[in-house]
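Numbering (my numbering), first residue to last: 12 to 275. Backbone N, C-alpha and C fix where the C-beta goes; we use that ideal spot for every residue, glycine too. Working notes, structure below.
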């Protein structure tokens with residue numbers, strides 16, 4: 012056999028072998044026994060990405076960021092209790108009004124004057140005044156002069172408003188606050204100060220009586236002593252009162268002094 016014939020025969024045998032293997036694979040599918048008997052597949056090395064565990068700081072930062080997202084805006088900002096809001100400073104001295112409990116005006120003035128002295132604030136807080144006026148009080152047939160507060164529960168302070176002076180006044184024992192809008196004290200207008208001073212410097216004291224027009228009173232002095240009547244008119248300037256007294260079956264107006272009548 013020649014070399015060429017041997018080569019052709021070898022190619023035919025290879026072709027027949029390939030066709031038989033294809034027919035076998037089509038007609039006889041692989042079952043579990045065949046898989047068991049077959050050789051194990053070669054293992055494949057799959058690269059695994061190395062994962063670095065998160066540190067404690069990283070986990071804390073994540074938790075904090077998530078927690079911050081859950082808190083509505085503004086709620087996680089808690090003001091410090093040591094921070095006290097202070098007002099804006101004003102130019103030049105002015106009269107300000109502070110509020111206190113009624114009946115404690117003199118005590119508040121005393122406390123504030125002591126703080127001004129001990130804290131060296133005389134160059135910023137100049138005067139503390141309780142607006143008062145003299146008043147004649149008629150009671151039980153007696154007349155006496157008393158000093159009455161014009162604005163009960165309020166004290167006037169003449170001061171240069173700064174953060175330091177505001178702090179001294181605001182934290183004085185007995186002071187409940189400044190009169191003003193929000194945290195900003197409102198100074199009195201010049202005409203308001205003049206009116207208050209005018210009332211304080213009035214020479215003639217006002218008269219306070221316990222009866223009013225239309226009320227029944229009893230006469231306690233004079234020719235109509237122990238008579239009762241109705242107040243018809245009160246003259247504060249002359250300290251006189253006109254009373255309608257009933258006698259002989261008719262009402263007669265009688266002019267009396269405040270000391271001659273009392274509330275019935």
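Can you name, in chain order, every residue of its own chain whose Cβ lies under 7 Å from the Cβ of residue i, other than the five neighbours on each side?
{"i": "residue 122", "result": "183, 184 and 185"}
{"i": "residue 176", "result": "132, 135, 136 and 170"}
{"i": "residue 211", "result": "142, 143 and 144"}
{"i": "residue 213", "result": "144"}
{"i": "residue 111", "result": "119, 164, 166, 185, 186 and 187"}
Is it buried or exposed, residue i, if we count other Cβ atoms within 10 angstroms and call 16 or more buried?
{"i": "residue 271", "result": "buried"}
{"i": "residue 269", "result": "buried"}
{"i": "residue 107", "result": "buried"}
{"i": "residue 240", "result": "buried"}
{"i": "residue 119", "result": "buried"}
{"i": "residue 166", "result": "buried"}
{"i": "residue 116", "result": "buried"}
{"i": "residue 157", "result": "exposed"}
{"i": "residue 201", "result": "exposed"}
Residues in its own chain within less than 6 Å of residue i by CB, not counting five upstream and five downstream?
{"i": "residue 162", "result": "142"}
{"i": "residue 105", "result": "198"}
{"i": "residue 155", "result": "148"}
{"i": "residue 261", "result": "none"}
Rank the options by C-alpha distance to the C-alpha of residue i and give the top, closest one.
{"i": "residue 102", "options": "108, 173, 140 and 129", "result": "173"}
{"i": "residue 199", "options": "193, 168 and 211", "result": "168"}
{"i": "residue 125", "options": "213, 243 and 138", "result": "138"}
{"i": "residue 235", "options": "246, 267 and 213", "result": "267"}
{"i": "residue 238", "options": "245, 275 and 248", "result": "275"}
{"i": "residue 248", "options": "259, 216 and 160", "result": "216"}
{"i": "residue 243", "options": "213, 201, 181 and 265", "result": "265"}
{"i": "residue 100", "options": "194, 140, 112 and 203", "result": "194"}
{"i": "residue 98", "options": "259, 231, 245 and 179", "result": "179"}
{"i": "residue 113", "options": "155, 128, 160 and 129", "result": "160"}
{"i": "residue 153", "options": "261, 232 and 259", "result": "232"}
{"i": "residue 127", "options": "155, 111, 181 and 164", "result": "181"}
{"i": "residue 109", "options": "246, 196 and 155", "result": "196"}
{"i": "residue 140", "options": "164, 155 and 151", "result": "164"}
What does a CB cutoff of less than 8 Å around residue i pick up in its chain, not counting 5 residues either side in sequence?
{"i": "residue 263", "result": "255, 256 and 257"}
{"i": "residue 130", "result": "179"}
{"i": "residue 151", "result": "273"}
Q: With a floor of 3 residues, list each beta strand (DSSP E) that falls wholly inside the region 131-185, ordered by position along the chain.
A: 136-140, 143-150, 153-160 and 165-170
Q: Examine the Cβ distances between the region 139-156 and the region 186-195 and report whether three or more of them are shorter than 8 Å.
A: no
Q. Touch check for the region 218-226 and the region 243-253: three-plus C-beta pairs under 8 Å?
A. yes
(Q) Would you call the region 195-209 in contact with the region 223-233, where contact means no fewer than 3 C-beta pairs closer than 8 Å? (A) no
Q: Could you tell me which uninterrupted alpha helix (DSSP H) segments, each at least 4 residues in length, are contained entirely in the region 199-253, listed from first to last along the chain?
A: 201-211
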